[in-house]
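Before any comments, here is the structure.
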Amino acid sequence: MRELLVPVCRTLPWRALGAGAAVGLLFAGTARLFPEGFDPWLALNTLRAAALCFALGLAFVLDDPARHTTATVPTRRPVRQALRLVPVVPLAALWWTAAVLLVPADLRPPLGATTLEAGAAFALALAGAAATVRHGEEPEPGVAVGAGLLVVAVPAVLLLPDRWDLFVATDAPTWPEAHERWAVLLIAALTTWLLCAREPTGRIQPNRPAGGG
25 MRELLVPVCR TLPWRALGAG AAVGLLFAGT ARLFPEGFDP WLALNTLRAA ALCFALGLAF
85 VLDDPARHTT ATVPTRRPVR QALRLVPVVP LAALWWTAAV LLVPADLRPP LGATTLEAGA
145 AFALALAGAA ATVRHGEEPE PGVAVGAGLL VVAVPAVLLL PDRWDLFVAT DAPTWPEAHE
205 RWAVLLIAAL TTWLLCAREP TGRIQPNRPA GGG
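Using the working numbering, the letters of the sequence shown map in sequence onto residues 25 to 237.
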């Protein structure tokens with residue numbers, strides 16, 4: 025695995041990850057760039073937008089132009105996908121720390137709850153990528169997964185009924201219940217990723233001579 029890690033790092037979509045991270049930090053820092061008129065509700069939503077931007081970058085993590093070649097190597101798919109996440113997870117943690125610190129302390133939302141929201145968004149991007157890889161033949165599904173994440177996120181903000189609302193204000197009475205739903209969403213996304221990362225069954229077996237010869 026140590027020998028595989030360096031070649032895998034070279035094939036990661038660093039441009040997409042960097043673009044998502046940079047745009048996300050711009051969103052997170054708007055409260056410092058334009059302090060007039062900012063309130064905790066607006067700061068919370070800019071942090072949510074920042075997490076969505078980074079999640080869009082994560083949608084490209086499983087892009088592999090050589091996918092149909094590497095599918096035949098002895099290293100199994102769960103290991104190959106896990107290796108692609110090894111350098112990304114600590115970078116995501118550092119990025120999220122920087123994004124939170126960019127929000128002024130007097131406007132900063134509760135750290136645990138917003139981290140749960142960001143983690144669920146990141147896990148949804150990875151689950152979407154893993155599901156697309158498992159059930160499709162596209163070697164670079166990042167564009168489709170990122171578009172799907174946007175298509176789901178925007179209506180979720182506008183159309184979810186109050187009893188299922190995820191994007192609530194910190195002073196709303198439904199804040200704890202909303203984050204129970206975020207926790208369920210995170211667990212579901214991680215479970216989907218684990219299931220889709222498995223090696224597919226039903227592979228073609230090599231021909232065997234008839235008659236047991």
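Where is the CB? At the ideal position from N, CA and C, for every residue including glycine.
Query: Which word fits R104, buried or exposed, when buried means at least 16 other C-beta atoms lie within 10 angstroms of its C-beta?; Result: buried
Query: To the nearest angstrom, how far is it from the Cα of T156 to the Cα of A147?; Result: 14 Å
Query: Note down the Cα distance separating A123 from D186, rounded to an integer number of angstroms.; Result: 28 Å
Query: Using the C-alpha atoms, what's the distance from W65 back to T197?; Result: Note that residue 197 is Pro in the sequence shown here, rather than Thr. The alpha-carbon atoms of P197 and W65 are separated by roughly 14 Å.
Query: Quick check: the Cα distance between G172 and E27, rounded to an integer number of angstroms?; Result: 34 Å
Query: Taking Cβ positions, are A144 and L209 nearer each other than 8 Å?; Result: yes
Query: Quick one: complete alpha helix (DSSP H) runs, 4+ long, within the segment 90–168?; Result: 91–94, 101–109, 112–126, 135–159
Query: Using the C-alpha atoms, what's the distance from P111 back to F191?; Result: 30 Å
Query: Measuring alpha carbon to alpha carbon, tell me which of L50, L80, F58, A153 ends up nearest C220.; Result: A153
Query: Please check if any C-beta of chain D sits within less than 8 Å of the C-beta of A45.; Result: Given the protein chain composition of this structure (a single chain), no chain D is represented.
Query: Under the assumption that A45 contacts W119 (Cβ atoms under 8 Å), give the Cβ distance between them as a whole number of angstroms.; Result: 5 Å
Query: I'd like the list of long-range same chain contacts for P133, defined as Cβ closer than 6 Å, with 5 residues on each side in sequence excluded.; Result: L68, T194
Query: Look at F58 and A74 and say whether their C-beta atoms are less than 8 Å apart.; Result: no
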